[in-house]
Amino acid sequence: MISSLKERRTIRKYLNKDIDEQLLNELLETAFRAPTTQNMQVYSVVITREQENKEKLAPAHFNQPTVTSAPVVLTFCADFNRFIKWCEQNHAEPGYDNFQSFVTAAIDALLVAQQFCTVAEISGLGCCYLGTTTYNAPQIAEILHLPKFVIPITTLTVGYPADIPAQIERLPIGAILHHEAYQDYTPEAIHRLYFEKENLAENKKYIEENHKENLAQVFTDVRSPRKDNELFSKTFLDFIVKQGFRLPD
């Protein structure tokens, strides 16, 4: 099992084969055993199977082909709507319209998403995380009819792999682990830890195609520039407030 997890790959292309509903439900029930803050389970999952609805979601995910080609699209949401309603019906005063509660629900949703991804891959399925979910959360919420206190956090496309792509590189373990306390990075350490990543053939190709001096500039100027980050930040924060969560003053 450890070997299987170490060999995992993101799968974006799927066979034209549906996922049995019983299997999908079993995988989701297994995912719902993931840890959750105070056992509140403040998350929900929206299943999208109908092609028409996948096509509605696609623009919110920048029309990535994996959205419309996958047999199943799962949107994992931070959801305090259900819990607040339960509190109010039982004459308990909920205090969950705040940023801390949103973060709690977002963490719960991500824990469940990752547990689903793990059990799905063990079962022979492939998954692809869509980081675009928070970029266009208002659009996704409208399509999925998400009420107050429900916010989309991440999306998984799921299906049987059409092929097995090459594994994406990762930083060495020494780049990430800190023993007992955080040890900040010297310029020499940064150079050493990113050297292999920077010198992979595919990354050198990205540098050349984007007419940049190095891989860092591909990220800062092309993949994730400041103007995009600030635009998506404002959109998402405004939506969090619109959905009922108050940000700190």
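For the sequence shown, our numbering assigns the number 1080 to the initial residue and increments by one for each residue that follows.
The beta-carbon is built from N, C-alpha and C at its ideal position, and this holds for glycine as well.
Q: Can you have a look at K1085 and say buried or exposed, based on whether 16 or more other CB atoms are within 10 angstroms of its CB?
A: exposed
Q: Out of D1187, A1185 and N1160, state which residue places its alpha-carbon closest to the alpha-carbon of G1174.
A: N1160
Q) Under three-state DSSP, which class holds F1155? A) Shown here, F1155 sits in a strand according to DSSP, grouped into three states.
Q | Nearest candidate by alpha-carbon position, reference Q1194, set L1107, A1241, T1147 and Q1117 | A | Checked all of L1107, A1241, T1147 and Q1117; the closest Cα to Q1194 is L1107.
Q: Grab the span of the alpha helix (DSSP H) containing T1183 for me, first residue to last.
A: Per DSSP, the continuous alpha helix (DSSP H) segment holding T1183 begins and ends at F1178 to I1201.
(Q) Can you confirm whether the stretch 1278-1296 touches the stretch 1125-1144 when touching is taken to mean that 3 or more C-beta pairs between the two stretches lie within less than 8 Å? (A) no
Q. At which residues does the alpha helix (DSSP H) containing S1303 begin and terminate?
A. Neither: S1303 is in no alpha helix (DSSP H) and is coded neither H nor E.
Q.
Just list the residues that DSSP pairs P1240 with in beta bridges.
A. Under DSSP, the beta-bridge partners assigned to P1240 are Y1093.
Q: Could you name the residues of the same chain whose beta carbon sits closer than 6 Å to that of F1318, not counting the 5 residues immediately before and after it, in chain order?
A: A1216 and P1217
Q) What whole-angstrom Cβ distance do L1153 and L1235 have, given they're in contact under 8 Å? A) 5 Å
Q: Could you check how far apart the C-beta atoms of A1157 and I1232 are, in whole angstroms? I think they sit under 8 Å.
A: 5 Å
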